[in-house]
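Since the structure comes first, as structure tokens, the remarks are kept for the end.
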Amino acid sequence: MRKVFILGNPRSGTSLFRLMLNSHPNIVSPPECGFLHWWYPKYQDWKWNNNSEADLERYITDLSNSKKIETWNISFPKLADFLFKQRPDSYNDLVTLVYVFYGMMNGKNPSVIADKNNYYINYLNDLRRIWPDAVYIHLIRDGRDVACSYIDLKNMSSNSVYKPNLSNKINEIAVEWRDNNEAIASFISSFSARSGKTIKYEDLILKTESVLREVSLFLDIPFHREMLSYNDARNHNEPVQTMDWKKKTLENPDPQRISRFRSCLRKDEIELFNSIAEKTLLKFNYSLS
Numbered sequence: 450m451r452k453v454f455i456l457g458n459p460r461s462g463t464s465l466f467r468l469m470l471n472s473h474p475n476i477v478s479p480p481e482c483g484f485l486h487w488w489y490p491k492y493q494d495w496k497w498n499n500n501s502e503a504d505l506e507r508y509i510t511d512l513s514n515s516k517k518i519e520t521w522n523i524s525f526p527k528l529a530d531f532l533f534k535q536r537p538d539s540y541n542d543l544v545t546l547v548y549v550f551y552g553m554m555n556g557k558n559p560s561v562i563a564d565k566n567n568y569y570i571n572y573l574n575d576l577r578r579i580w581p582d583a584v585y586i587h588l589i590r591d592g593r594d595v596a597c598s599y600i601d602l603k604n605m606s607s608n609s610v611y612k613p614n615l616s617n618k619i620n621e622i623a624v625e626w627r628d629n630n631e632a633i634a635s636f637i638s639s640f641s642a643r644s645g646k647t648i649k650y651e652d653l654i655l656k657t658e659s660v661l662r663e664v665s666l667f668l669d670i671p672f673h674r675e676m677l678s679y680n681d682a683r684n685h686n687e688p689v690q691t692m693d694w695k696k697k698t699l700e701n702p703d704p705q706r707i708s709r710f711r712s713c714l715r716k717d718e719i720e721l722f723n724s725i726a727e728k729t730l731l732k733f734n735y736s737l738s
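Just so you know, this note's numbering puts 501 at position 52 of the sequence shown, and the rest follows in order with no gaps.
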């Protein structure tokens with residue numbers, strides 16, 4: 450089973466990318482839920498033994514109380530039966546089977562698990578311990594456009610308890626974008642080219658099929674054209690609880706989303722962002738002018 454973590458700063462297109470991957474018949478990429486990391490301290494020494502039935506019951510209870518797991522719409526009694534029959538003998542196996550079960554419940558027999566969660570940015574080394582055989586894809590977007598999206602989200606009305614609490618101050622956004630992407634880039638650089646890949650949001654939008662073919666090759670699976678139909682109702686699995694700020698995932702790739710900072714931000718705001726994040730912008734070939 451191939452495992453991949455999708456990493457990126459908030460508002461960088463990671464949800465769009467997740468949906469593209471999940472549209473592949475051999476990839477399962479559920480809505481974000483950080484249970485894999487949250488329950489690692491408690492269950493990291495998992496072994497199947499005489500007490501495993503009771504341990505499994507405790508794990509299912511904990512899993513069912515995980516933030517956002519309700520968006521997966523899974524039957525926990527059926528999951529418990531599935532795990533009991535599979536008898537996972539490590540934490541790696543245990544959590545992997547949860548993703549496999551989700552895939553099966555959605556008509557898939559997955560060969561790739563793709564886990565996207567911006568929360569993981571602060572726990573990168575933990576991911577290596579939990580899934581030592583995982584690979585990583587870093588999705589980066591022009592930070593000035595990210596700033597526009599932060600501001601849009603701050604001004605947006607939503608009753609969802611999951612609405613992200615993001616800053617609308619340019620200096621804070623620039624620091625966060627710079628630090629998050631530098632942390633991910635440093636982490637990715639510690640792996641070989643076979644285990645870490647960086648793609649740009651702008652390329653994903655302008656050269657969607659080409660980028661998805663590259664990603665498929667990276668994941669050792671055939672490209673499937675269904676990935677281009679991510680916004681089709683039969684493929685789109687973004688929960689209603691988070692759709693208020695992810696409505697763009699229902700649309701085709703929109704080139705108008707690229708460099709929108711030129712009309713969204715004032716000149717002094719662009720200059721402030723550039724002064725804070727210049728090194729990172731240039732590293733990823735984003736022009737300062």
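Glycine included, each C-beta is placed from N, C-alpha and C at the ideal position.
Local conformation of residue i per DSSP, three classes
| i | result |
| --- | --- |
| L588 | strand |
| G645 | strand |
| R536 | coil |
| V664 | helix |
| V610 | coil |
| R743 | Any question about residue 743 goes unanswered here, given that the chain covers just 450 to 738. |
| R715 | coil |
| Y599 | helix |
| D575 | helix |
| N498 | coil |
| L615 | coil |
| S515 | coil |
| D628 | helix |
| P490 | helix |
| E700 | coil |
| L737 | coil |
| I523 | coil |
| D681 | coil |
| R467 | helix |
Residues that residue i bridges to, as DSSP identifies them
| i | result |
| --- | --- |
| L456 | H587 |
| A563 | V453 |
| I476 | V561 |
Check whether residue i and residue j have beta carbons under 8 Å apart
| i | j | result |
| --- | --- | --- |
| P480 | E700 | no |
| D725 | V595 | First, the residue type needs correcting, since residue 725 is Ile and not Asp in the sequence shown. Not a contact, by the Cβ cut-off of 8 Å. |
| F722 | K649 | no |
| E631 | T729 | yes |
| A393 | V689 | Outside the shown range of the chain, which is 450 to 738, sits residue 393, and nothing can be said about it. |
| I654 | P613 | no |
| V544 | L485 | yes |
| I707 | E651 | yes |
| S638 | T691 | no |
| L668 | V561 | yes |
| L661 | M469 | yes |
Through-space distance from residue j to residue i, alpha-carbon basis
| i | j | result |
| --- | --- | --- |
| E519 | S513 | 8 Å |
| E506 | K646 | 38 Å |
| S501 | S515 | 21 Å |
| F672 | P490 | 37 Å |
| R643 | R577 | 15 Å |
| D693 | R674 | 27 Å |
| S598 | L573 | 24 Å |
| I509 | G483 | 15 Å |
| P526 | V549 | 15 Å |
| K517 | S478 | 14 Å |
| N684 | I719 | 37 Å |
| A682 | N499 | 44 Å |
| N629 | G457 | 8 Å |
| A503 | S524 | 18 Å |
| I633 | L731 | 16 Å |
| I622 | D511 | 34 Å |
| I670 | R451 | 10 Å |
| S656 | Q705 | Here residue 656 is Lys; the residue named in the question, Ser, does not match the sequence. Each residue's Cα considered, the two are about 14 Å apart. |
| S736 | L532 | 51 Å |
| R467 | I455 | 8 Å |
| F636 | P459 | 17 Å |
| N522 | R709 | 36 Å |
beta-carbon residue i near the ligand ZN non-hydrogen atom, thresh 7 Å
| i | result |
| --- | --- |
| I637 | Inclusion of the ligand ZN in the displayed structure is not the case, the ligand content being empty and no account of it being possible. |
Decide yes or no for the touch test of the stretch 584-599 against the stretch 461-481: beta carbon pairs closer than 8 Å, at least 3 of them. yes
Under 8 Å: do the stretch 486-503 and the stretch 533-546 share three or more Cβ pairs, one atom per stretch? yes
Between the stretch 669-678 and the stretch 615-623, are three or more C-beta pairs nearer than 8 Å? no
With three or more beta-carbon pairs closer than 8 Å as the criterion, would you say the stretch 695-715 touches the stretch 558-576? no
Contact between the stretch 470-478 and the stretch 549-557 (3+ Cβ pairs under 8 Å): yes
Is there contact here, the stretch 593-608 with the stretch 705-714, by at least three beta-carbon pairs under 8 Å? yes
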